[in-house]
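Counting in our numbering, the final residue of the sequence shown is number 384, and the numbers go up one at a time with none missing.
Where a beta carbon is used, it is the ideal one built from N, C-alpha and C, also for glycine.
Presented below is the structure to which this report refers.
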Amino acid sequence: MNEVMRNAKTFLGLVQTAKTDAAGHWNREAFQRAMQWAEYFEGVYKKLETKAEVVTKFSRGLEIISSQPGACSGPSPVTFADLKHSRRMLLKILLQNPYLSGELYSLVLDNYNSLSSSPEGLTGTDMLNQDATECSHAKAQRETLLGIKAFTSQAVERMEKRGHTDHTLDSNDMIDVEIQTDACILHQHLLHHLSKNRSSQSTLDYLHDKLEEIAQKPHGLEIISFAESHILSWENEEQREAEDSLGISAEIRCKQLLSDWLLKRVNIASANEIKDERKPP
C-alpha cells in the first residue's frame, strides 16, 4: 500500500501539471508516460474496488496528498472513484489546456480512440465529443462570469467615485443609472411571469423572446448581465418564501433563466473554439 500511495503522489502531480502551462513542454514520451500512469491506476481501481476498508484508507491518502501545498489544487480534487477512468480524466484535463502544442493536442485526440467503451455504450469518439462540449460550456460560463464581474466592478467603481464628489452626473453616470433602473424593471417583469405561470414552456419562450428584444437595444446585454448578477441581492423575505412545488423560489428560477440565456449567447461562438484554436500548425 505504501508503494501505491507513493505512486499516487506521482500521478496526482502529473494531473496537476497537466492543468498548467508546464504541460505545453511535454513531448510524446512525457505524454505516453503520463498515460501509462493513468492506465496503471485504472488497474489499481479494479483491484481495490471490492475491498471497502482498503478503499477507505486509500481515499484518505488521496485527500492528504491533495491537501498538500501545490498538489492538485482546484475545486474538484481527484477521488478514488475518478481513478476508474484515469485515462479519460487526464485526456479531458489536457483537452482544456490552451498551452498544448499542436502535436500534443493531436495525441490527445488520437488517444480518445484507445479508450474502452463506457457502460453507457459511449465510444472513444463519443467521449471526445462529450468532453469537448463540456469544456466549451465551461469556457463560455467563465467568460460570461468574467464579463459580468468586469462590468459590475466598473459600475460600482463609478458609483463609489460619485459618492465622494458633489459633481453633477456626467453622461456615463447617467448610463449606469439607466442600466440599473432597466435591470430592476426587467427583474420585476421576469419575476411576475415566473411567479404567475410556474415556468410553463410558453412562459419561458415568451421570456426568451423578450430577452432577445432587450439585447438588441443600446446597452441591452449590460442590462441583462446586471440583472443576472444582482438577482438574489434583490430578493426579499416574502419572495424567498414563495416557492414552487419543487421548493425552488421564483428568484432562483429567474436567475437560472438569465444565466442560461447568457450562456446560450456565447456558446454559439465558443462551441468550436477548442478545436479551431488548437489545430496542429
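Note on methionine 138: 16 or more other CB atoms within 10 angstroms of its CB, so buried under the neighbour-count rule. Taking a 10 Å sphere around the C-beta of serine 169, we find 16 or more other C-beta atoms and assign the residue as buried. In the DSSP assignment, lysine 150 falls within the unbroken alpha helix (DSSP H) covering 131-151. It is roughly 42 Å from the alpha-carbon of aspartate 234 to the alpha-carbon of valine 280. Secondary structure at histidine 322: coil, using DSSP grouped into helix, strand and coil. Taking cysteine 357 as reference, the option from Ala318, His311, Glu325 and Gln319 with the minimal CA-CA separation is His311. Minimum Cα-Cα distance from glycine 127 among the listed residues Asn214, Leu225, Val147 and Ser209 corresponds to Ser209.
Assigned with DSSP and collapsed to three states, leucine 218 falls in coil, not helix or strand. Valine 107 is not a Cβ neighbour of phenylalanine 183, given a cutoff of 9 Å. Under the Cβ criterion (8 Å, minimum of three pairs), the segment 111-120 counts as touching the segment 138-153. Shown here, asparagine 200 sits in coil according to DSSP, grouped into three states, outside any helix or strand. If you compare the alpha carbons of Leu297, Trp364 and Thr120 with that of serine 328, the shortest gap goes to Trp364. DSSP, reduced to helix, strand and coil, places leucine 225 outside both helices and strands of the structure shown, so it counts as coil. For the set Glu132, Lys122, Met230 and Leu360, the Cα lying nearest the Cα of isoleucine 196 is the one of Lys122. Scanning its chain for C-beta atoms nearer than 7 Å, with the 5 sequence neighbours on each side dropped, one finds around aspartate 285 the residues Ile326, in chain order.
Threonine 159: member of the alpha helix (DSSP H) spanning 155-170, first to last residue. Taken through DSSP and simplified to helix, strand or coil, lysine 299 comes out as helix.
Between the alpha carbons of glutamate 152 and glutamine 283 lies a distance of about 54 Å.
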